[in-house]
Ligand SMILES: [Zn+2]
């Protein structure tokens, strides 16, 4: 029931709190971030990336939002455009919100009146699309004749499953708070307040008692509470956590009460946002019951479910966390949004506990599995971020589910907000990048200037300029990797146990220092111009994974400082890397290449390449130089082979295929994606038909059609046998073994069926062999009838 007076009252209270002084007694994190508005990054690594974000990514994503109907959704909801056509997903509104959020941070980093104006007009369209009581969800307001199947016939009825109404609200709040903080304007914030007040009226004990299907509104409401002081927003955020479980699904973390969850499970982005929200609400309410849960879950993730790149969510099935130590490389999901969520969560864990181990995880994610999500050009994007490839992966210009694209757009310009934090007279230096920042401590204002060539060089110079001489404490993070601990726990370890000196100087004098929770603690009376120099050992390390990670056995990864490396085709012989073997004890050099991939350190070492041979099982090994580049920079030179985990044991190598009829043939197929073609002749036998950790070719989402693949031989060959290994990812995926297939050969330009001498079989998990009367030909074709309700695929097709 709507109580109009109450609505009006709440709105007035919200605005009053906003314009009046913020509540001084407001509980919050013991450690406070230093806002992005106070930190001015000017380094050679991040600043150019933020510049590309501002000049390429933001305008590009706004244009894509327009081209792909997202702006029209708002215009139609606002009755400024006729028709009821909507874009594809009910969460498409969030791409516009995230683009506004990114634009807001970006305008704070560098003024841009033109962008400011276009964001203003976008906000006025959003405002016009809002219903009078504050409801804002274009997919319902545009009264489509055929509503999207994810949305119910009334507001909120499908919220726990698919409608994403609260997910849209959460992103709206984050955008509104960023826009208000960056520009001082209340326009989007007023829209958000009106919407949040509707949620307060609608949800809660005795009202609708349901949880969000996709978490994030908890984070958004916490931010809204911080800027407005309206405690109802905080109470609602807490309600949305407490009402969750135990009768829902593990998929969206609703199978247990949130405080009874102790392991990471289900959809990784939903999970990371929820854990972040739990930390926020624990901090803002002082209610510590959420902490045991998120502390346990954090340990579960970093000791069992974290990629070396900081990526989380190993499996594409449900975009979810896998089992403990289930970290496949080629099929790694590691969604960009999940990496961003992992940064949000670890930053909150640090603000709660003041321990550098959380920033170690944050930094690892930031420089590797998060940054890989966007191309150097700023307009190509990864959704999954695999750790190995055989040409089948490439960043996309746009993805109909654009969550990762808009998330990257908003995250990058917010980076300055992660460099520092403070607690009264303690100033934490968490990340290393050149910047000038003004930070308010209890003792007074301090200007901090960092100068560094991090992540390529380990020297960091920090100039401390307090307004007035005074005593306070600098807490400088000593990264785990500088202390032989790449991640907390035993999931990853450096192969060589070495120790390097770690030097810290104050005004040119070497100083011994105490460490506390991973920070060098420098408590003294600081005066203007005091200079701290930190020298971190930037060494090339080989990282080993815990033996329980079966996909990384017999392999190591290169790492230098925070950067994880990979081998990529363009830097290596024959453009191949899966066939490379490097001795455990190989010495590796690193050199800076200014003209490669916008400037990167390249690791070089001696290795071998392995090759299969015809008529013998022995593998041929040849010496060659091997080069590794930073993982984040791969896939900027077209599709290629890539691997993060490099074999040091011969059994882990995938040798170059032998020159068989198939491997020397040209592949064609009834498919547009040519990147899948090489998969069928790579001479890798999968573990079973559903094995996604090797490349395969598939026709999904086509079904009930007749398709083909074809080998054009390098010369005329006489053939009499075909063996095919089908790809079938049932029961969850969309591919099954086909209904039937047949082999044809080219005769005088025509396709003629071969005369088979054994029956055609169609079965899973092994090769299906058929023999036929020998034919001399230049090409073979396989015609495949897809199942009525499913697609199909091929792992391998060999002929002889
Ligand atoms: Zn995403």
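Residue numbers (our numbering): 19 to 818.
Ideal Cβ positions, reconstructed from N, Cα and C, are used throughout, including at glycine.
Whole-number beta carbon distance between residue j and residue i, since they are thought to touch under 8 Å
i, j, result
"residue 793", "residue 737", "6 Å"
"residue 354", "residue 391", "3 Å"
"residue 520", "residue 553", "7 Å"
"residue 680", "residue 745", "Not confirmed; about 17 Å, so no contact."
"residue 653", "residue 411", "7 Å"
"residue 299", "residue 241", "That belief does not hold up - the Cβ atoms of residue 299 and residue 241 are roughly 12 Å apart, past 8 Å."
Status (buried if at least 16 other CB within 10 Å, exposed otherwise) for residue i
i, result
"residue 809", "buried"
"residue 748", "exposed"
"residue 78", "buried"
"residue 606", "buried"
"residue 562", "buried"
"residue 39", "Residue confidence for residue 39 is low, a pLDDT of 40 falling below 50, so the modelled location carries little weight; the figure read from the coordinates is stated next. So residue 39 counts as exposed."
"residue 227", "exposed"
"residue 187", "buried"
"residue 804", "buried"
"residue 44", "exposed"
"residue 224", "exposed"
"residue 603", "exposed"
"residue 725", "buried"
"residue 61", "buried"
"residue 196", "buried"
Cβ-based neighbour list, residue i, same chain, cut-off 7 Å, excluding 5 preceding and 5 following
i, result
"residue 760", "771, 778, 801"
"residue 807", "721"
"residue 320", "379, 505, 506, 507, 509"
"residue 160", "91, 94, 95, 102, 104"
"residue 351", "331, 332, 333, 334, 337, 402"
"residue 773", "790, 791"
"residue 291", "233, 234, 237, 359"
"residue 322", "342, 343, 509"
"residue 267", "273"
"residue 600", "623, 625, 644, 664, 666"
Nearest to residue i (by Cα), restricted to the options the options
i, options, result
"residue 348", "516, 333, 751, 752", "333"
"residue 431", "78, 128, 107", "128"
"residue 337", "287, 377, 297", "287"
"residue 117", "420, 699, 371, 439", "420"
"residue 556", "417, 163, 475, 216", "475"
"residue 246", "373, 207, 259", "207"
"residue 718", "751, 481, 637", "751"
"residue 454", "674, 444, 465", "465"
"residue 624", "712, 616, 82, 642", "642"
"residue 574", "157, 405, 253", "405"
"residue 674", "408, 787, 70", "408"
"residue 446", "541, 416, 503", "541"
Other residues of its chain near residue i: CB distance less than 8 Å, five sequence neighbours each side excluded
i, result
"residue 53", "199, 435"
"residue 589", "620, 645, 646, 647"
"residue 815", "680, 698, 699, 727, 729, 740, 741, 742, 743, 800"
Proximity of residue i and residue j at Cβ, strictly below 7 Å
i, j, result
"residue 537", "residue 301", "no"
"residue 209", "residue 148", "yes"
"residue 386", "residue 610", "no"
"residue 297", "residue 244", "no"
"residue 396", "residue 640", "no"
"residue 190", "residue 115", "yes"
"residue 660", "residue 586", "yes"
"residue 775", "residue 789", "yes"
"residue 513", "residue 560", "yes"
"residue 423", "residue 399", "yes"
"residue 671", "residue 628", "yes"
"residue 812", "residue 698", "yes"
"residue 462", "residue 444", "no"
"residue 701", "residue 440", "no"
"residue 215", "residue 156", "no"
"residue 525", "residue 495", "no"
Own chain residues within Cβ distance below 6 Å of residue i, not counting five before or after
i, result
"residue 185", "109, 232, 234"
"residue 566", "343"
"residue 667", "572"
"residue 154", "148, 213"
"residue 193", "115, 118, 119"
Residue i at chain D interface by Cβ criterion, 7 Å
i, result
"residue 578", "Reference to chain D is not applicable here, since this structure consists of a single protein chain."
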